[in-house]
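So the mapping is simple: my numbering equals the position in the sequence shown, first residue as 1, plus 1198. Here the structure comes first, spelled out in structure tokens, and everything after it is commentary.
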Amino acid sequence: MGNIDRCYHILALKQGASLEEVKQAYRQLAKTWHPDRYKGDPQLSQQAEEQFRKITEAYQLLREHFLHPESSRRSNIFTQQSTPEAFYERGAEHAKAGEYQDAVREFSIAIRLNPNYAEAYRYRGFVRSLLGLELAAASDLAKATELGLPKENSPPPPPYSSNYGKYGASVPNEPEINGKRSPFTPPQPNNPSPVTSELPLTPGPWKCTQTFTNHTDAVAAVAISPNGKILASASWDGTVNLFNLWTGKLFCTLTGHTEPVWTVAISSDSQMLASGSRDGTIKLWHINSASLLRTLTGHTEGVRSIAISGDRKSLISGSWDGSVKFWNLLNGQVLHSQVGYNDPVWAVAISPDGQTVFAGGQGGVIKLYHLRTGELLRTFVGDSGEIYTIAISPDGKKLVTSGKNGKIQIWLVATGKPEETLISTSKSVHSVVFTPDGRILVNGDEDGKIIFWDLPSAKPLYTLTGHQGTVTSLAFTKDSQTLVSSSLDRTIKVWYYTNL
């Protein structure tokens, strides 16, 4: 009997059963033979552990057979998968793919086979932390330390290449897509634009406390969960990374998009994440389990920007196809589709009260819609050229747009009139964000600078430097103590308010 036939036999399936049937059979048998069910009987526990190992090995080989047929042809693979190291490696792969429960199971088997496997305790601890099992996570990490691993050890990051990105040359660049110019320009690491005397040279009380370099291509967007624990990043390498912002550790990489991921958003309850990609899809993920909930399809070109309503019932998306779509998150259906744009829609936002949608793009026009009905309420024509980003003040009274010509326009939503125009020293401004109290506006420039503006006086306060390429996205924690920035230089920086 061949290896594949033997695996089907172990799972009590007929040869040729589908991957979904394999998964269902595995879950049922794993539940039946889980060793924890037989702790009171040493003999049965040993038998269950052996059965559980066989079931897991069979499932892994069949899964590999479906996903990577070439590798499953190796005749010795079945006998090579029963070592603690093999289970650890599979656990690591599950963790990187966001399959947390599977990862915990594999690490647990590795620990049963080798009770002193410190790395397995450590990695299982990080995964359990993601699942919200903080006590179990603390126990695992303490055990790893007891076995000799230093506390600062973190789980291995995904494979990283410093040479070439997946979707571009060694310097990230997407100048044109289907004849439409990208808002992102190549970074110039060796020749940044000079900071003029009009801007303060000091970072003030802000200090860069960490730089993440896990992505292998440009980082297009970042988002912080409302509870302040999770940092999500979207990259041109086609992945979404999830970090524990409290510990500064990468704990999961979400894969599934087939092209660069341009945008990411997190729901108000910190449970759901949405990612939009050049592949034209929007993927909805459950954060705690890192599982894919649904894929939204409907755009004919890449999805450039997304926003989730506060009640978690609606999602708004802007696309290169020139449309703004209103999605029902409960069933994944399109409620409304606004197609009155002749150019890509690069930015969308939802008002804090959840009533109004704002959208802008290459045409330089901002349109306001009623979220529930999709009705066009008002049109603003600004002076910032192509609109790369939109931000709404926490009280919903002000709208900020920025774009190609380096101007940052502040609008009064009630009147539709510009209140103030801030001038950046950069040719273009790709990101803006309000502090949670609404008194300070922060923007990210094409030349890698981050500038803080005092809104009452319209004066610049601080300038942060460190990025070697366009600052693509900015996000604050709710307490205003932490700012996160992403860049075309492939890095994410965490800035902390030191209160000096």
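Note that the Cβ used here is the ideal one computed from N, Cα and C, for glycine as well. Small disclaimer: the values here were computed from a predicted structure and weren't measured.
CA-CA distance, K1595 to Y1319, rounds to 50 Å. The continuous beta strand (DSSP E) containing Q1607 extends over residues K1605 to L1610. Setting aside the 5 residues that flank it on each side, K1252 is surrounded in the same chain by I1208, each with a C-beta closer than 7 Å to its C-beta; the list follows chain order.
One thing to note: G1561 has its Cβ no nearer than 8 Å to the Cβ of H1534.
With respect to the 8 Å criterion, T1498 and D1519 are classified as neighbours on the basis of their beta carbons.
According to DSSP, residue pairing for S1600 in a beta bridge involves T1587 and I1606.
Straight-line measurement puts the Cα of N1526 at about 25 Å from the Cα of S1591. DSSP, read as helix, strand or coil, puts H1455 in coil. The C-beta distance from K1691 to S1683 rounds to 5 Å, short enough to meet the 8 Å contact threshold. Inter-residue distance for T1400 and K1427 is about 29 Å (C-alpha atoms, whole angstroms). Around the Cβ of R1576, a 10 Å sphere holds fewer than 16 other Cβ atoms; the residue is exposed. Here the alpha carbons of A1656 and S1629 stand approximately 18 Å from one another. The alpha-carbon of D1551 is positioned some 8 Å away from that of G1508. Residue pairing by DSSP places N1442 opposite I1428 and K1447 in a beta bridge.
Taking C-alpha positions only, V1420 is separated from L1345 by approximately 36 Å. In this structure, Y1286 is the residue among S1685, W1460 and Y1286 with its C-alpha nearest to the C-alpha of Y1315. By DSSP's assignment, Q1536 forms a beta bridge with V1522.
Judged by DSSP secondary structure, Q1408 falls outside any alpha helix (DSSP H) and instead within the beta strand (DSSP E) spanning W1404 to F1410.
Residue pairing by DSSP places P1658 opposite W1651 in a beta bridge. In the three-state scheme derived from DSSP, where H, G and I count as helix and E and B as strand, D1645 is classed as coil.
A1293 counts as buried, since no fewer than 16 other beta carbons sit within 10 angstroms of its beta carbon. When the five nearest sequence neighbours on each side are left out, the beta carbons in the same chain lying within less than 8 Å of the beta carbon of E1297 are those of A1488 and S1489, in order along the chain.
In this structure, the beta-carbon distance from V1598 to A1589 falls below 8 Å. Distance between S1337 and G1323, taken at the CA atoms: about 8 Å.
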